[in-house]
Amino acid sequence: MSSDKSTIDLALNYSRVDRIFNHPIIYSLVARGITDNLNTVRRFNFNGSFTLPLKKNENTTFSVGLIALIDPSAPIPVEPIVNYYHKFSASGLELIVDLPNGINLKKAIARNAWLSVGSNQASYSIFYDHYNEYLNGKISYNTIELKSGATFEYLFAKNIMVSVGGGVNNFLSARVFNDGERYSNASIRSTPKSTPYTNIGISLLSL
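Put into structure tokens, the structure is as follows:
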């Protein structure tokens with residue numbers, strides 16, 4: 015198999031804050047295209063969501079909602095959204111729940127340093143051109159992964175954050191799709207083993 019290293023992921027996001035029965039609600043629409051060059055779109059999908067803020071004070075925020083996915087490779091078409099944040103005043107520990115993406119505990123351990131532990135879900139796609147009795151040429155390898163571990167973050171400068179992390183990467187799903195196939199009828203399904211992982215990152219923060 016050979017992959018095209020010029021894969022580009024483009025997304026257009028529209029959000030709006032409105033009110034229903036005098037209560038705020040947030041709508042969001044996202045159109046996303048993945049291309050292996052600037053001339054051909056290999057995958058195009060949409061998602062729409064709404065979130066309803068339920069609580070907000072000095073230490074706690076809580077909101078719920080739904081996200082609908084128009085994407086043949088998605089395991090389910092609709093997922094619940096739960097966003098919960100709480101800072102424990104006595105310990106300074108922060109609980110961050112962002113479902114369906116992840117759950118984390120975070121604590122400042124120095125003036126410009128933080129340590130967090132938790133689990134976070136992500137999905138990845140790689141495109142190939144391959145022909146055999148099962149595959150028709152334009153295929154994609156899709157994984158849904160759950161990374162559980164710890165991350166150390168340090169504010170290196172006023173707007174530069176450096177992070178180092180590691181843990182265990184669990185594969186929830188790994189499937190090969192012919193062009194246009196849905197999640198339930200993928201041509202090839204595999205069960206990869208859990209593997210250790212490390213991450214090193216640099217983020218530019220807005221002023």
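The letter at position 58 of the sequence shown is residue 72 when you use our numbering, and the numbering goes up by one with no holes.
Beta carbons: idealized from backbone N, C-alpha and C, even for Gly.
CB of residue i within 8 Å of CB of residue j, strictly
i: L113; j: I95; result: yes
i: H100; j: N73; result: yes
i: T157; j: S133; result: no
i: G179; j: G163; result: yes
i: I110; j: K120; result: yes
i: G181; j: Y155; result: no
Distance, residue j Cα to residue i Cα
i: Q135; j: L80; result: 17 Å
i: I214; j: N183; result: 15 Å
i: D18; j: F141; result: In this prediction, D18 scores a pLDDT of 45, lower than 50, which makes its location untrustworthy; no coordinate-derived value is stated.
i: A25; j: N199; result: 26 Å
i: N27; j: Y41; result: 11 Å
i: F35; j: G116; result: 31 Å
i: F170; j: V131; result: 21 Å
i: M15; j: D32; result: For M15, the pLDDT reaches just 34, beneath the cut-off of 50, and the residue's location in the model is therefore unreliable, although a value from the coordinates is still provided. Whole-angstrom Cα-Cα distance: 49 Å.
i: P86; j: N61; result: 12 Å
i: I202; j: I48; result: 21 Å
i: K161; j: T205; result: 16 Å
i: V240; j: H37; result: In this structure the chain extends from 15 to 221, so residue 240 is not present and cannot be described.
i: L218; j: A127; result: 16 Å
i: Y168; j: I174; result: 9 Å
i: A88; j: R196; result: 8 Å
i: R125; j: F64; result: 36 Å
i: K172; j: S220; result: 10 Å
i: S105; j: S177; result: 23 Å
i: I216; j: E93; result: 31 Å
i: K207; j: F166; result: 26 Å
i: L107; j: D143; result: 48 Å
i: A45; j: L68; result: 27 Å
8 Å contact criterion, which residue i and residue j should meet: CB distance rounded
i: R57; j: S137; result: Contact doesn't hold; Cβ gap of about 12 Å is too wide.
i: I84; j: N59; result: 6 Å
i: N97; j: I153; result: Not quite, the Cβ-Cβ distance comes to about 35 Å (not below 8 Å), so this is no contact.
i: L66; j: V78; result: 6 Å
One or two residues paired with residue i in a DSSP bridge
i: P94; result: L80
i: D112; result: N97, G116
i: L24; result: G47
i: G215; result: S177
i: A122; result: W128
Neighbour flag for residue i against chain D, beta carbons, 8 Å
i: N115; result: Among the protein chains of the structure shown there is no chain D, as only one such chain exists.
query: Which parts of the segment 30-70 are runs of the beta strand (DSSP E), unbroken and 3 residues or longer, counting only runs that do not cross its ends?
result: Taking only runs of at least 3 residues, the beta strand (DSSP E) segments lying wholly in the segment 30-70 are 37-49, 55-70.
Runs of alpha helix (DSSP H) lying entirely within the segment 124-166, each at least 4 residues, in chain order: none
field: Complete runs of the beta strand (DSSP E) confined to the segment 170-213 [at least 3 residues]
entry: Complete beta strand (DSSP E) runs here, min 3: 174-192, 202-204.
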